[in-house]
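Asker: Once you've had a glance at the structure underneath, I'll fire off some questions.
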Amino acid sequence: MKHWTLAEITEVYNTPLLELVFKAASVHRQHHNPKEVQISTLLSIKTGGCPEDCAYCPQAARYFTDVEKNDMLSAEQVETAAKRAKSLGSSRLCMGAAWRNVKDDEDFEHVIELVKTVNKLDMEVCATLGMLSEHQAKRLADAGLYAYNHNLDTSEDYYKEIISTRGYEDRLKTLDNVRKAKMTVCSGGIIGMGEAVADRLKMLLTLASLNPQPESVPINALVAVEGTPLENQQPISIWEMIRMVATTRIVMPNSVVRLSAGRTSMTIEGQALCFLAGAGSIFAGDKLLTTPNPDVFQDLEMFNLLGLTPTEPFAKHEQPSIKEEAVEVANQTEKWTRPGHQIEANVTYTKVGQEKRRKIKADESAN
Ligand code: SAM
Ligand code: DTB
Ligand code: SF4
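241 is the number that the working numbering gives to position 260 of the sequence shown; each next residue is one higher, with no gaps.
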């Protein structure tokens, strides 16, 4: 594995655009089948009401957004969604929960059941549930979880401008716990949150320095959602996305780069350049977790047009078996941090949220 420096990654990023795409496409062809793109479908199994203050997220309870808090989906609901996703070419179902961290409670036991249900459909099962202890990671692995998604989102420095309720170190610790449980790691970030290009590249350096590097790296463009502190962020240009995908491709040659949130505002031509530059996966399905995504049938038409076929499940790693007699790992509870510094925009939008909820309550009791 090559040890990258920030200077080297910056040089890659600043390569003249067509030269960069050509180099990335060459790396892509050496390590991956360029005719295939893997399809993942997202499913929010527990939506909204999250205690964190992530400035980008419509599911943070403190902000006033259109997202409503919902109970956990049942095994039947998840099975139906998974079967539909599979019939439309998805090899992976990624289940998301709006949690800060996993707790050893009945909700977690339910997630264990959900993982087994989807594994039995011969799909790759991924989950994104927040911070995770080693013991919890092992439980998920034994239930047949294939991948765990936990994004670093941005550089360590810029993370402090976006989230005050948890620390970067805890993200890295969780990724380490996932590795110890021998699951594949899915970790990437978001561009377009007001960060500098250097923050994006520092994040890539941190990801590329993990040994082994993550098996999948999602690159999201911010979906600026009304009511969140980042609601007024200007969208990134497609050229920034192409540069980011190409640079990720070059610095982590074996990873599958996922063209993630933000595709609704990209043209087919823009996405085609991302695939050429090494994106080997997308999130498909009419919804991401809570926000819109391109129509599935339009995506399949795009695949046809570009001569792409969906990757079969378990093309890169074996299907994990479900271990009913799980091997015991000492159940240590992790001490997750809470930095608690003030982020002005997050404080302002929290106050706006409180005020709007207070007004709704007052109006309700007046009627
Ligand atoms: N609560 C868990 C956590 O934060 O790890 C899992 C769910 S969380 C919604 C998963 C990821 O979605 C975040 O880490 C972030 O990268 C991405 N995400 C959330 N809101 C987004 C937005 N508005 N635009 C782009 N990506 C977003
Ligand atoms: C990832 O990197 N992006 C996905 C998935 N991993 C969990 C989530 C995108 C969420 C976009 C905002 C929403 O739909 O709520
Ligand atoms: Fe909660 Fe995850 Fe959204 Fe942060 S990104 S508010 S932890 S659901």
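Where a beta carbon is used, it is the ideal one built from N, C-alpha and C, also for glycine.
Tell me the start and end of each unbroken alpha helix (DSSP H) in the stretch 147 to 189 that is at least 4 residues and wholly inside, in chain order.
Answerer: 149 to 161
Asker: For a test of the three-state rule: what should DSSP assign to Ser218, helix, strand or coil?
Answerer: coil
Asker: Closer than 7 Å to a non-hydrogen atom of the ligand SAM - does that hold for the CB of Thr135?
Answerer: With a threshold of 7 Å, the Cβ atom of Thr135 does not count as near the ligand SAM, since no heavy atom of the ligand is closer than that.
Asker: Pick helix, strand or coil for Asp134, following the three-state DSSP scheme.
Answerer: strand
Asker: Give every residue of the same chain whose Cβ lies closer than 7 Å to the Cβ of Ala333, excluding the five residues on either side of it in the sequence, and list them in chain order.
Answerer: Here the sequence assigns Val to residue 333, which means Ala is not the residue at that position. Only Phe45 meet the Cβ criterion.
Asker: Quick one: grab the DSSP three-state call for Gln19.
Answerer: strand
Asker: Is it buried or exposed, Ala202, if we count other Cβ atoms within 10 angstroms and call 16 or more buried?
Answerer: buried
Asker: Taking 7 Å as the cut-off, is the C-beta of Gln40 nearer than that to any heavy atom in the ligand SAM?
Answerer: yes
Asker: Roughly how far, in whole angstroms, is the beta-carbon of Glu33 from the beta-carbon of Thr146, given that I think they are within contact range, below 8 Å?
Answerer: 5 Å
Asker: Helix, strand or coil for Asn285 per DSSP?
Answerer: helix
Asker: What do you get for Gly261, buried or exposed, if any count of 16 or more other CB atoms within 10 angstroms of its CB means buried?
Answerer: That one is buried.
Asker: Would you tell me roughly how many angstroms separate the C-alpha atoms of Pro234 and Lys67, rounded to the nearest one?
Answerer: 27 Å
Asker: Could you tell me the distance, in whole angstroms, from the CA atom of Leu8 to the CA atom of Gly70?
Answerer: Here the sequence assigns Val to residue 8, which means Leu is not the residue at that position. Approximately 26 Å, taken between the alpha carbons.
Asker: Need the endpoints of the beta strand (DSSP E) that Arg73 sits in, please.
Answerer: 73 to 78
Asker: State yes or no: is the C-beta of Leu23 within less than 8 Å of the C-beta of Val59?
Answerer: no
Asker: Determine the burial state of Asp134: buried for a count of at least 16 other Cβ atoms within 10 Å of its Cβ, exposed for fewer.
Answerer: Buried is the call here.
Asker: Taking one C-beta from the stretch -6 to 9 and one from the stretch 229 to 245 each time, how about it: are there three or more such pairs within less than 8 Å?
Answerer: yes
Asker: Would you list, in sequence order, the uninterrupted beta strand (DSSP E) runs of no fewer than 3 residues that lie entirely inside the stretch 204 to 288?
Answerer: Listed in chain order, the complete beta strand (DSSP E) runs (minimum 3 residues) inside the stretch 204 to 288 are 237 to 240, 260 to 265.
Asker: When burial is assigned at 16 or more other CB atoms within 10 Å of the CB, is Asp123 buried or exposed?
Answerer: buried
Asker: Can the beta-carbon of Met174 be found less than 8 Å from the beta-carbon of Tyr127?
Answerer: Annotated as distal: Met174 and Tyr127, with beta-carbon spacing of 8 Å or more.
Asker: Who pairs with Ser197 in a beta bridge, going by DSSP?
Answerer: Cys167, Val237
Asker: For Lys27, which of helix, strand or coil comes out of DSSP?
Answerer: strand
Asker: Do you know offhand how far Val18's Cα is from Arg339's?
Answerer: 47 Å
Asker: Which residues does DSSP list as the beta-bridge partners of Tyr129?
Answerer: Ala108, Val166
Asker: Assuming Trp317 contacts Asp151 under a Cβ cut-off of 8 Å, what Cβ separation, rounded to an integer in Å, is found between them?
Answerer: 5 Å
Asker: Pull up the distance between the alpha-carbon of Ala179 and that of Tyr140, whole angstroms please.
Answerer: 13 Å
Asker: Hey, could you find the ends of the alpha helix (DSSP H) Glu94 is sitting in?
Answerer: From DSSP, the alpha helix (DSSP H) with Glu94 extends over 87 to 100.
Asker: Residues in its own chain within less than 6 Å of Leu240 by CB, not counting five upstream and five downstream?
Answerer: Cys255, Ala260, Ile263
Asker: May I have the straight-line CA-CA distance separating Ala56 from Val198, to the nearest angstrom?
Answerer: The alpha-carbon separation between Ala56 and Val198 amounts to approximately 28 Å.
Asker: Can you tell which of Ser246, Glu207, Ala343 has the C-alpha that lies nearest to the C-alpha of Ile219?
Answerer: For the options Ser246, Glu207, Ala343, the alpha carbon positioned closest to that of Ile219 is the one of Ser246.
Asker: Flag Glu33 as yes when its Cβ comes closer than 7 Å to any non-hydrogen atom of the ligand ZN, and as no otherwise.
Answerer: Among the ligands modelled here, namely the ligand SAM, the ligand DTB and the ligand SF4, the ligand ZN does not occur.
Asker: Any idea which residues DSSP pairs Ala202 with across the strands?
Answerer: Ile172
Asker: If we count the other Cβ atoms within 10 Å of its Cβ and call it buried at 16 or more, is Lys119 buried or exposed?
Answerer: buried
Asker: Report yes if the CB atom of Glu115 is closer than 8 Å to the CB atom of Gln313, and no otherwise.
Answerer: yes
Asker: What residue range is occupied by the uninterrupted alpha helix (DSSP H) comprising Leu121?
Answerer: 115 to 123
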